[in-house]
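Here's the structure, in structure tokens; my notes come after.
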DNA sequence: CTGAAAGCGCTTACAG
DNA sequence: CTGAAAGCGCTTACAG
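Residue numbers (the numbering used here), protein chains in the order written: chain A, 586 to 925; chain B, 586 to 925.
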């Protein structure tokens, strides 16, 4: 079974009728519709995507751009894995397929995205790992493709975004620690120019000010977001002139290396230094002592991304101008023993 | 800039000439070629994928199917992330794009693949997480789409595959442990019907036989491949009538939960029970004591998959019948302290 | 309710 | 070396 023409010949119908029957058009008689659909199922006919997309001007596909540099894997749960499951759940009733577009490490993300957009292989896009300066957003706005950003960016045109509440987490964590008597609180932040670095740092700074604690720039430690980065963090914390009594982590992997290196040095989280992690995941439960961290539903986040994207795709179809939508995604504290 | 027609108008040429220039055809004059390419770059023109694919009968895209159930994330390194980087490196010079096709948990993998194949959105495919009985392989062989399987399957038609040497790992691990005097060696295997379960178990069994140790079915423990599965494994090991002195793990996540639960029970890997993990990853280094495990280059594996797939795509283009190719991917022991 | 035909954006034999 | 035209596989106004 090659194309719709063969199916039409086989049924003694024209391609037009077959197409209408397959697409459940009301004009076609019930009998013909059933007959065509039965034959298609039996012969395994599925419309060629290129032909359909060319004619309709839409691909029925949504893309999720993956940055090569992103440390998106954490233990048995995976940030993107959960989000993608939620996204698919939202797209499924609309018969939109989700494909992931991994940008190679050797390719510029902006160029990569330009290529993907221009080729028109997707009707909508999710981007993530938004940078402080992220030219991808202007590109997407200008090309008028529906999209939603997982993460904010600096000074950019209006668009739709959803971002984890990094500032809220920083504020909550500082308040908790101050409540336990800590005054010298360090924060581990990404060394890269990812936007959350600035949001998290600003939240941390604001929380200190609210608690009348002077901001000490030496306590903001840019680290590589990995297990090894966490181990290096331990050494840097201990090397500080006046050792902090608590530390906030902005990433899940850091705790692994931090715990390990601290244990080697005979320092126990929760007893000798308070630690608050970022996102709760299976690993946090299997660290001793349990890591206090913040909980969110990845599936719900994916659903919210999907709904936002769908509303923008609908707006584009109806040539409406979609309202810009920004949303902070809250996270709830899941207590551990590591905060002391 | 909408389509090639607008670009042609803008240049005062016909679409044919513009197309030839953009595709670096030799017939077109150098001057015209330069002029067209400069204008395309300036105006940001990129050929519409659907138009091109429809005409050429090829999409210049390769797909990698991701199973929803697969625990593919392990700490800061991700099995598929590394493999995909290697794949992209191989595809890049051929100007093939890689897209990932995540099968939703709610969808049957076989139906999903059938849809993807029929829509003709990719010129070639990589599948993974091959099951003992995996109808996807017959489907792909029958549809004549070039593909390579990461993993073997039972009784299936001839095709291309690359599989980690699970049996070799099991044999090596058993030999090492026997060399240290162990005779009662347990093996944790996946509880699912994934093919590697059988390959690993068979290798384990063969190694026992070679060392004149009776096979005890109670020592083969099907577990969920997760941190929690590792914790449950600890309890199951200790509940066995005659406690094993060593255990092999078939997955990276198991060690996290196993170590944690054993520590709670006052049992130390390497001293009280020998443990050999499966794939070396950053987490293995950050467990105490270090987990002995097996090393492989994910990028090299991705490159091998890419080369195999490319040779099959080439064969299909030339209407050659590709030779079936199977390859075991070796893994080298990276010593730890956990093996005692 | 179905058929005949146009056309989506490309590429490529065929002329000249 | 470039132009004019056919056609890839679909969908959909337009007839009847």
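Quick reminder that beta carbons are idealized off the backbone N, C-alpha and C, glycines included.
Residues within the segment 600 to 633 of chain A neighbouring chain B, beta-carbon criterion of under 8 angstroms: 629, 630, 631, 632 and 633
Keeping to the same chain, check which residues put their C-beta closer than 8 angstroms to that of residue 569 of chain A; ignore five residues upstream and five downstream. With chain A covering 586 to 925 only, the question about residue 569 of chain A has no answer from this structure.
Looking at the C-beta of residue 871 of chain A, does it have a partner C-beta in chain B at a distance below 7 angstroms? yes
Local conformation of residue 594 of chain B per DSSP, three classes: helix
Rounded C-beta distance between residue 839 of chain A and residue 877 of chain A? I'm assuming under 8 angstroms. Residue 839 of chain A to residue 877 of chain A, Cβ: 14 angstroms. No contact.
Once you ignore the five residues that flank residue 601 of chain B on each side, which residues in its own chain have a CB closer than 7 angstroms to its CB? none
Along the chain, where does the beta strand (DSSP E) that runs through residue 783 of chain A open and close? It is not in any beta strand (DSSP E) - residue 783 of chain A instead sits in the alpha helix (DSSP H) that spans 780 to 795.
Look at the alpha carbon of residue 711 of chain B and the alpha carbon of residue 891 of chain A, and state the distance between them as a whole number of angstroms. 27 angstroms
Among B:812, B:850, B:809 and B:835, which one has its Cα closest to the Cα of residue 754 of chain B? B:835
Does the distance from the CB of residue 643 of chain A to the CB of residue 708 of chain A come in under 7 angstroms? yes
Quick one: is residue 845 of chain B near chain A, going by C-beta distance under 7 angstroms? yes
Residue 705 of chain A: contacting residues in chain B (beta-carbon distance under 8 angstroms): 633, 634 and 635
Quick one: complete beta strand (DSSP E) runs, 3+ long, within the segment 638 to 711 of chain B? 646 to 651 and 682 to 687
Assuming contact is defined by CB atoms lying nearer than 7 angstroms, are residue 715 of chain A and residue 734 of chain A in contact in what I supplied? yes
Nearest to residue 807 of chain A by CA position, among A:798, A:801, A:724 and A:818, is which residue? A:818
Counting contacts by CB-CB distance shorter than 7 angstroms, is residue 687 of chain B in contact with chain A? yes
Any C-beta of chain A sitting closer than 7 angstroms to the C-beta of residue 684 of chain B? yes
Straight-line gap, residue 639 of chain A to residue 792 of chain B (C-alpha atoms, nearest Å): 57 angstroms
Please classify residue 845 of chain B: is it buried, with 16 or more other beta-carbons within 10 angstroms of its beta-carbon, or exposed? buried
Residues in the segment 879 to 896 of chain A having any Cβ partner in chain B nearer than 9 angstroms: none
To the nearest angstrom, how far is the alpha carbon of residue 770 of chain A from that of residue 811 of chain A? 21 angstroms
Determine whether the beta carbon atoms of residue 686 of chain A and residue 650 of chain A lie at a separation below 7 angstroms. yes
Consult DSSP for residue 877 of chain A and reduce its assignment to one of helix, strand or coil. strand
Determine the chain A residues that contact residue 867 of chain B at a beta-carbon separation under 9 angstroms, and present them in chain order. 811, 812, 813, 838, 841 and 842
Starting from the C-beta of residue 929 of chain A, find all residues in its chain whose C-beta is less than 7 angstroms away, skip the five residues before and the five after it, and write them out in chain order. Chain A is shown only over 586 to 925; residue 929 of chain A falls outside these bounds and no answer can be derived.
Please report how far the alpha carbon of residue 653 of chain A lies from the alpha carbon of residue 745 of chain B, in whole angstroms. 27 angstroms
Note down, in chain order, every chain B residue with its Cβ under 8 angstroms from the Cβ of residue 669 of chain A. 687
Specify whether the segment 898 to 911 of chain B and the segment 718 to 737 of chain B touch according to this definition: at least 3 beta carbon pairs, one from each stretch, less than 8 angstroms apart. yes
Test: residue 716 of chain A CB closer than 7 angstroms to a CB of chain B: no
By how many angstroms is the C-alpha of residue 833 of chain B removed from the C-alpha of residue 773 of chain B? 6 angstroms
By the criterion of Cβ-Cβ separation under 8 angstroms, what are the contact partners of residue 710 of chain B in chain A? What residue 710 of chain B touches in chain A: nothing, since even the nearest Cβ is about 13 angstroms away.
Please confirm whether residue 639 of chain B has its beta-carbon closer than 7 angstroms to some beta-carbon of chain A. yes
Indicate whether residue 837 of chain A and residue 864 of chain A have their beta-carbon atoms separated by less than 7 angstroms. yes
Rounded C-alpha distance that separates residue 718 of chain A from residue 736 of chain A: 12 angstroms
Can you check DSSP and say which residues form a bridge with residue 732 of chain A? A:710
How far does the beta strand (DSSP E) with residue 861 of chain A in it reach, from first residue to last? 859 to 864
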